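The structure appears right after this line, and notes come after that.
2 protein chains.
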Amino acid sequence: MALVVVGSVAYDGVETPHGKVDRMLGGAATYIALAASYFTPVKIVAVVGDDFARDDAGLLESRGIDLAGLERVPGGKTFFWEGVYSADMNDRTTLRTDLNVFADFSPKLPESYREEPYLLLGNIQPALQRSVRAQMPGLKLTGGDTMNYWINDYRGELLETIREWDFLLVNDAEARLLSGQHNLRRAAARILEMGPHTLVIKRGEYGAVLFRGAGTTEGHFMAHGYLLEDVFDPTGAGDCFAGGFIGYLAGRGIDARDRQIDFAELRRAVIYGSVMGSFCCEKFGVDRFRTLEREEIESRYREFQTCTAF
Amino acid sequence: MALVVVGSVAYDGVETPHGKVDRMLGGAATYIALAASYFTPVKIVAVVGDDFARDDAGLLESRGIDLAGLERVPGGKTFFWEGVYSADMNDRTTLRTDLNVFADFSPKLPESYREEPYLLLGNIQPALQRSVRAQMPGLKLTGGDTMNYWINDYRGELLETIREWDFLLVNDAEARLLSGQHNLRRAAARILEMGPHTLVIKRGEYGAVLFRGAGTTEGHFMAHGYLLEDVFDPTGAGDCFAGGFIGYLAGRGIDARDRQIDFAELRRAVIYGSVMGSFCCEKFGVDRFRTLEREEIESRYREFQTCTAF
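So the sequence lines, in the order shown, correspond to chains A and B. Taken in order, the first sequence gives residues -19 to 290; the numbers are from my numbering. Taken in order, the second sequence gives residues -19 to 290; the numbers are from my numbering.
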């Protein structure tokens, strides 16, 4: 009963007001898988070059993550991204993007992955996301995210893809772009007509909002962002939100085939997503996951309750 | 047992993506008083010119607001402000500020106001805020707000003033400027060393965070902003938050002289503040308060509970 995560495994160069790292393990699938691994078994589908370090594979394996679907391209180089954050860390500028082996990424599902019930499709070309889903006949819950590039230039393909999803995770700007509506409630109502019955709009440090429904919203849930004392590096926080969100639901054995996920479970999933995103920011890159324990996660979940109940 | 509100009563010209009004009733004290009037009796201290319309006084009086402290300067003109909002209404540009009679505002407390227990000091010169407080010997709860101008150019005076307050209401940027700390938790800890035992950081559409403590924070409360279906005009929303916040506490008879306000009451006050700010945005200027009923406020408070509990 594992979760399959599809997306990028990469090396990142990151500069924040707190420091600079030239090259470290990154990529959406990496962050999603690490965060989800605290809740459920995880299997990765991604591609790397032969520069992918043994230690980095080791970190993923140490969290029990299955790497049978991690394709290694001989002579190839791993996706590299470099960026610098603004002083308040709410904006970042990309300095360099070398797609390398990720440019020709064609997800290959190992036989051992195909019967799994949970699927998180990271931000890749919509047609590829769809092809993965088509190879998994026993899915109980499917969701993923996307980005402005696919929304603008691959709209038809994207709409065909997300029509089959149970949930979509996007940020404010993506929700507005996808729906053509500025107001978030109107944007959500429009997106819920596109297929997913659950929509999570991530708002960075300000939190997240979850909408449920079909066509019209049946209800929503608002969570303020966790207030960290120190934010070292926000890279991967949104992906860790996604990992915590679906990881929690997978761990609970949620079955969305009748499109009726218990709203209370979805709310908890949003909070676990926020918790995982907050931990991610406490150290550079994936470093926080080298030491993070499940009990710390539960403790922060309870802190969320204390700080939001009225 | 009334609340005294000191600040500006003004005319505003406002343009938002939804329309344009050349001249309408505005000013911080107006919004604060209107919002608070749903919870407690309110008495205004402000100054206007003889162009102040009978109908506008009538609106305030219709909410039971005492205008004995509304000074009218013969031959003078009322403070006028004009601004235009950005497409997403998160930024605004001031086009014109005519202080007029507000330039020489020296708050005069009618005898009938001096024994009141609640005081909200709107954004005026810190020394004037202090002089008002000094004239009210029976205060049970005092708070107010300020702005970047006073923080930058009247820092000493401002620090002397807020030292005597029970609570301070500021936005993110003001909290950072006042504390010299970017991180909100660190900023809050620094500000709580300056005197107030309660700090509310308003985050616009993203909500508000409340901190309590002395020196170190004893705890905090986070509230996501209410998601409106239509935002017509955000002018005054922050002031309405302030009005709802202190109005609720005044209506509950809170006595902060021992500096021990029940945290649960403070949390509810933050939500009522958010509720009043959200109503304010639904129509231009103060128009929403022409029809708003207390039952609508209670209904939205309950909606906040439904949308945030987990």
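We put the CB at the ideal spot given by N, CA and C, even for glycine. All figures in this text were calculated on a predicted structure; none of them were measured in a lab.
Check	Outcome
Is there a Cβ of chain A sitting closer than 8 angstroms to that of B:MET202, yes or no?	yes
Along the segment 163 to 183 of chain B, what residues have a CB closer than 8 angstroms to any CB found in chain A?	ASN163, LEU164, ARG165, ARG166, ARG183
Under the three-state reduction of DSSP, which class applies to B:ASP125: helix, strand or coil?	strand
Since A:ILE24 is in the beta strand (DSSP E), which residue starts that stretch and which ends it?	22 to 29
Quick one: using the 10 Å Cβ neighbour count with 16 as the cut-off for buried, is A:TYR129 buried or exposed?	exposed
For B:MET116 and B:ARG94, which I take to be in contact (beta-carbon distance under 8 angstroms), what is that distance rounded to the nearest angstrom?	6 angstroms
Taking C-alpha atoms, which residue in A:GLU173, A:GLU137, A:GLY136, A:LEU190 lies nearest to A:ASN151?	A:LEU190
Assuming the contact rule is C-beta atoms closer than 8 angstroms, A:ARG248 and B:PHE290 should be a hit. Round their C-beta distance to whole Å, please.	6 angstroms
Please report the straight-line C-alpha distance between A:ARG43 and A:PHE19, rounded to a whole angstrom.	11 angstroms
In terms of residues, what are the limits of the alpha helix (DSSP H) holding B:GLU347?	Since the first residue shown for chain B is -19 and the last is 290, residue 347 of chain B is missing from the structure and cannot be characterised.
By alpha-carbon positions, which one of A:VAL(-15), A:ALA33, A:VAL64 ends up nearest to A:LYS57?	A:ALA33
According to DSSP, B:ALA(-10) sits in a beta bridge with which residue or residues?	B:GLY6
How about B:HIS204 and B:GLY184: are their beta carbons less than 8 angstroms apart?	no
When the Cβ atoms of the segment 6 to 16 of chain B are set against those of the segment 221 to 231 of chain B, are three or more pairs found closer than 8 angstroms?	yes
Using a Cβ cut-off of 8 angstroms (strictly closer), state whether A:TYR93 contacts chain B.	no
Cβ of B:GLY(-13) within 8 angstroms of Cβ of B:GLY6?	no
Rounded to whole angstroms, what is the Cα-Cα separation between B:LYS263 and B:ASP213?	6 angstroms
Please classify B:ALA67: is it buried, with 16 or more other beta-carbons within 10 angstroms of its beta-carbon, or exposed?	exposed
From A:VAL266 to B:ALA167, what distance separates their C-alpha atoms?	27 angstroms
Assuming A:GLY63 and A:VAL(-6) make a contact with CB atoms under 8 angstroms, what is their CB distance in whole Å?	6 angstroms
Could you give the residue range of the alpha helix (DSSP H) that holds A:ALA114?	106 to 114
Take the Cβ of B:PRO97 as the centre, count every other Cβ of all protein chains shown within 10 Å, and call the residue buried at 16 or more, exposed below.	buried
According to DSSP, A:GLU(-5) sits in a beta bridge with which residue or residues?	A:LYS0, A:VAL64
Going straight from the alpha carbon of B:LEU272 to that of A:TYR134, what length do you get?	46 angstroms
Against chain A, which members of the segment 123 to 152 of chain B pass a CB distance test of less than 8 angstroms?	none
Going by beta carbon distance, what residues of the same chain come within less than 8 angstroms of A:ASP35, once the five residues before and after it are set aside?	none
Strictly below 8 angstroms CB to CB, what residues from chain B border A:CYS370?	Missing from the structure shown is residue 370 of chain A; chain A here goes from -19 to 290 and no further.
Using the DSSP secondary-structure output, state which residues sit across from B:GLY203 in a beta bridge.	The question names Gly, but residue 203 of chain B in the sequence shown is Ala. Answer by DSSP bridge pairing, in chain order: B:ALA188.
Spell out whether any CB of chain A is found under 8 angstroms from the CB atom of B:LEU229.	no
So, for A:ARG110: in the same chain, excluding its five sequence neighbours on each side, which residues have a beta-carbon less than 6 angstroms away from its beta-carbon?	THR141
What do you reckon, are the CB atoms on B:LEU149 and B:MET174 nearer than 8 angstroms?	no
Under 8 angstroms, do A:VAL28 and A:ILE45 count as touching if we go by C-beta distance?	no
Go ahead and pull the three-state DSSP assignment for B:ALA48.	strand
Where does B:GLY257 sit, in a helix, a strand or coil, going by DSSP?	helix
Can you list, in chain order, the residues of its chain with a C-beta nearer than 7 angstroms to that of B:ARG232? Leave out the 5 residues immediately preceding and following it.	GLU245
Quick check: the Cα distance between B:GLY199 and B:ILE171, rounded to an integer number of angstroms?	14 angstroms
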